[in-house]
Amino acid sequence: MVKVSKIGLYLGEFKHNLTERNRLALPKRIRVEIDGFEVILTRGFEPCIIGFDKNHWQDIAKQQLAIQINEPRGRMLRRELFSGAMIVELDSQGRIVLPDNLLEWSGLKGKVGEEVVIVGAGDHFELWERSKWLKFEPQGQSKS
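Residue numbers 1 to 144, in UniProt numbering, belong to the letters of the sequence shown in order.
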């Protein structure tokens, strides 16, 4: 058995099916990077869901809140980042329940039984509907 140890980065690409009640099992390589049992999920800048460890999310929040509220770009980024954010818990089997608003945003709503692509992206991980990932993945970008 290969030991998976924490390295401080989300790495790799994985495929897991979305199950009933909109549950998704996170791969061990992703779970090992999460401190505790809570994950912050929010809308990605592309049509995907992005996930953060709670501690890293707090660091990001501090950076965003340091931007003056009278700056329009700062307000826009805050709305984008925080309005769609949800705290979700990992269950004992390493699964999370994906919130409806994020399922809609990512194109995963109604896709029970279908494949979700889970992508390590360094300081966060991303959850993609398969056909959308194929358009955005690095190899797909170089083909167009």
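Built from N, CA and C at the ideal position, the CB exists for glycine as well.
Secondary structure of residue 17 (DSSP, three-state): strand. A Cβ-Cβ separation of about 6 angstroms places residue 27 in contact with residue 118 under the 8 angstroms criterion.
The beta carbon of residue 47 lies closer than 7 angstroms to those of 105, 106, 107, 132 in the same chain, with the five residues before and after it left out. Straight through space, the alpha carbons of residue 115 and residue 129 are spaced by roughly 7 angstroms. Relative to residue 92, the option among 13, 3, 25 whose CA is nearest is 25. By the C-beta density criterion, residue 40 is buried, having at least 16 other C-beta atoms within 10 angstroms.
Selection 75, 81, 122, 37 evaluated against residue 102 yields 81 as nearest (Cα-Cα). Per the DSSP secondary-structure output, residue 40 pairs in a beta bridge with 52, 87. For the beta strand (DSSP E) assignment, the uninterrupted runs of no fewer than 3 residues enclosed by the segment 58-126 are, from N- to C-terminal side, 86-89, 95-97, 115-120. For residue 134, the three-state secondary structure derived from DSSP is helix.
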